[in-house]
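In mature numbering (1 follows the signal peptide of the UniProt record, and there is no 0), the protein residues as written are -17 to -1, 1 to 549.
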């Protein structure tokens, strides 16, 4: 692919010279109409003015909006991703001022609040070509704008929005190319892969369909409707999956990517060229080194699999303790069998979906039946099943038959990676899990192929290679909640996270699903890879155009990420 080089722009006097604070909408430095007109003349699409999708229910704010459409689709991840101003969690469309004033646009108009722009960037570029991205990056750098890169808005830390920022929306870059003999740039002709190349706007439901159409499967994110982006923040943050114990994490499946960096260059990176960037972006965090324009993944053979499903409501805390204790003892066996999945549990209930790739129904039943028997004997309110599927696609459609769910609500989370060694003292681990008043989610995404991969093969936090479980806590609040009510929920999440922190002192977390309030994000997300990641960021983004919450280099900026501290 053709490279574009606008490095000379950075030498223009006044361009990003000794920056202290980014230029925001309504600041005197904000580009004028003539400058935006010049930008428009270079783009393939009209500039966009993103608004909160809920504004359609406020005629004064959005006279042409369709409120019924918003009400019907508020919890549909695909629909939300199609709206430039929508985040998957609407709390990240909301802005809270230091004095506690809230600026938002609530779907429930009866609350009596006005509809405001909140945290949604007021203007942006609907990128349909690589040149659109290049033009937008150069414009943002020239005017020292606060830059936000958004694909689907599926981000638990709100990195796809920022008040007064300039947005680059990559959602409509949808090209998908299948190549059964893909040769990375710079490699010998003998180095070939069965691969799928996805532009940055492709979502997992589209990638899965493309892989299936070519008789292959691909390791990716799992959510209702497959609305998560397949070639952006998911993989840059590591990319966990229920199929990681068998095939590795997302970063372990990347062959090559292309990226627009701050200079305006469009680079290809793999193990042969720009290998430092290739290393860093695989786990070093999204929105940090540049804008991914494509990712090439290895694909895998489609094999039969068994879906394992169980749920139970416990008749007493003692029954719950017995069941959870046995389940925790069973967990280390999962990655040895290359099984993955997720479980939610508390002192009152357990619900789980496990997938056993390339396994026979008889073998799976022989393995799981002892636990199922315990579960059924312990509680009459129990459902268990093992169901064979001919491959990933049919399993995925059965687990996520509809695109609704997991979005459209105000939510914050926190998480920790639980290393395998902690399962050696299973009773202590059970005590900790049962002490959490709101329960916990366990993602069975570690071990197996993940742990067999060299910790230094990618920029990913090395703690992933020792982790068995990614444990997640969370909390939410209703529309119209006061700042005090929101802060109470946030404090509850921090308090529960401290319980996990005591379990794993100085523990680690998943960059894509974590707390906004980590005291030491450099260690928590990147471990001892941080120093190298920082040096690579400084090489490709020396002026910090790409900055996100708790990302590499973010500690140099204030809490708003608008003003440099040093």
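Just so you know, even glycine gets a beta-carbon here, dropped at the ideal spot from N, CA and C.
Q. Helix or strand or just coil, what does DSSP make of residue 199?
A. It is a strand residue.
Q.
Can you confirm whether residue 93, when its beta carbon is compared against all beta carbons of chain C, has any partner nearer than 8 Å?
A. Among the chains of the structure shown, chain C does not appear; only one protein chain is present.
Q. Taking Cβ to Cβ, would you say residue 76 is nearer than 8 Å to residue 48?
A. No, these two residues do not count as a Cβ contact at 8 Å.
Q.
Here's the rule I'm using: 16 or more other beta-carbon atoms within 10 Å means buried, otherwise exposed. How should residue 199 be labelled?
A. The residue in question, residue 199, is buried, as its Cβ has 16 or more Cβ neighbours within 10 Å.
Q: Look up residue 563 in the DSSP assignment and give the residues it is bridged to.
A: This structure gives no information on residue 563, because the portion of the chain shown stretches from -17 to 549.
Q | Reference residue 50; option with closest CA among 35, 302, 207, 287 | A | Considering only 35, 302, 207, 287, the residue with the shortest C-alpha distance to residue 50 is 35.
Q.
Bridge partners for residue 179 per DSSP, in chain order?
A. Its beta-bridge partners are 161, 280.
Q) Based on Cα-Cα distance, which residue from 7, 180, 184, 155 lies nearest to residue 103? A) Ranking the options by Cα distance to residue 103, first place goes to 7.
Q.
Run through the DSSP bridge pairs and tell me what residue 217 is partnered with.
A. In the DSSP output, where bridge partners are listed per residue, residue 217 has none listed.
**Q.** Residue of 529, 383, 517 minimising C-alpha distance to residue 565
**A.** Here the chain covers residues -17 to 549 and nothing more, so residue 565 does not appear.
Q) Is the CB-CB distance between residue 204 and residue 269 below 8 Å? A) Between residue 204 and residue 269, the C-beta spacing is not below 8 Å.
**Q.** Rounded straight-line distance, which links the Cα of residue 387 to that of residue 93
**A.** When rounded, the separation of the alpha-carbon atoms in residue 93 and residue 387 is 24 Å.
Q: Check whether the Cβ atoms of residue 403 and residue 451 sit closer than 8 Å, and answer yes or no.
A: Going by C-beta atoms, residue 403 is nearer than 8 Å to residue 451.
Q: Could you check which residue in 87, 79, 105 has the C-alpha nearest to that of residue 67?
A: Checked all of 87, 79, 105; the closest Cα to residue 67 is 105.
**Q.** Member of 23, 394, 469, 369 whose CA lies at the smallest distance from the CA of residue 382
**A.** Of the listed residues, the one whose Cα sits closest to residue 382 is 369.
Q. According to the Cβ coordinates, are residue 176 and residue 165 closer than 8 Å?
A. The criterion of a C-beta distance shorter than 8 Å is satisfied by residue 176 and residue 165.
Q.
With a threshold of 7 Å (Cβ to nearest heavy atom), would residue 13 be considered close to the ligand FMN?
A. This structure does not include the ligand FMN; it has no bound ligands of any sort.
Q: Specify whether the stretch 316 to 330 and the stretch 428 to 438 touch according to this definition: at least 3 beta carbon pairs, one from each stretch, less than 8 Å apart.
A: They touch, by the three-pair rule.
Q) Does the distance from the CB of residue 493 to the CB of residue 477 come in under 8 Å? A) In this structure, residue 493 sits away from residue 477, with a CB-CB distance that is not shorter than 8 Å.
Q. Is the Cβ-Cβ distance between residue 463 and residue 89 less than 8 Å?
A. Yes, the pair counts as a contact, with Cβ atoms nearer than the cut-off.
Q.
Within 10 Å of its beta-carbon, does residue 533 have 16 or more other beta-carbons around it, so buried, or fewer, so exposed?
A. Answer is buried; the Cβ neighbour count reaches 16.
Q) To the nearest whole angstrom, what separates the beta carbons of residue 178 and residue 238, a pair I think is in contact under 8 Å? A) With a Cβ gap of about 6 Å, residue 178 and residue 238 count as contacting.
Q: Give me the Cβ distance between residue 211 and residue 279, rounded to the nearest whole Å; I'm assuming they're in contact under 8 Å.
A: About 18 Å separates the CB atoms of residue 211 and residue 279; that is not less than 8 Å, and the two are not in contact.
Q: Evaluate contact between the stretch 441 to 448 and the stretch 230 to 237, counting only Cβ atoms and requiring at least three cross-stretch pairs below 8 Å.
A: By the criterion of at least three beta-carbon pairs nearer than 8 Å, the stretch 441 to 448 is in contact with the stretch 230 to 237.
Q) So, do the stretch 327 to 336 and the stretch 414 to 423 have three or more beta carbon pairs nearer to each other than 8 Å? A) Touching, yes, given that three or more Cβ pairs across the two stretches are closer than 8 Å.
(Q) Our contact map puts residue 433 next to residue 267 with C-beta atoms below 8 Å; I'd like the distance itself, whole angstroms only. (A) Contact between residue 433 and residue 267 fails: their C-beta atoms lie close to 17 Å from each other, not under 8 Å.
Q. Rounded to a whole number of angstroms, what is the C-alpha to C-alpha distance between residue 353 and residue 285?
A. If I take the Cα positions, the gap works out to 29 Å.
Q) Is the distance from the Cβ of residue 195 to the Cβ of residue 158 below 8 Å? A) Not closer than 8 Å, so no.
Q. Residue range of the alpha helix (DSSP H) that residue 312 falls in?
A. Its alpha helix (DSSP H) spans residues 300 to 313.
Q. In or out: residue 361 buried (at least 16 other Cβ within 10 Å) or exposed?
A. By the neighbour-count rule (16 or more Cβ atoms within 10 Å), residue 361 is buried.
Q) How is residue 66 classed by DSSP in three states: helix, strand or coil? A) Coil, per DSSP.
Q. Which whole-angstrom value is the C-beta distance of residue 244 and residue 523, which I expect to be below 8 Å?
A. Between residue 244 and residue 523, the beta carbon gap of about 5 Å places them in contact (Cβ cut-off 8 Å).
Q: Using three-state DSSP, classify residue 432 as helix, strand or coil.
A: Coil at residue 432, not helix or strand.
Q: Return the chain-ordered list of same chain residues with a C-beta closer than 8 Å to the C-beta of residue -9, the five sequence neighbours on each side being excluded.
A: Note on residue -9: pLDDT 38, under 50, position unreliable in the model; no value is reported.
Q) Would you say residue 324 and residue 378 are within 8 Å of each other, going by their C-beta atoms? A) When the beta-carbon positions are compared, residue 324 and residue 378 stay at least 8 Å from each other.
**Q.** In DSSP terms, what residue 186 is bridged to
**A.** DSSP lists 212 as the beta-bridge partner residues of residue 186.
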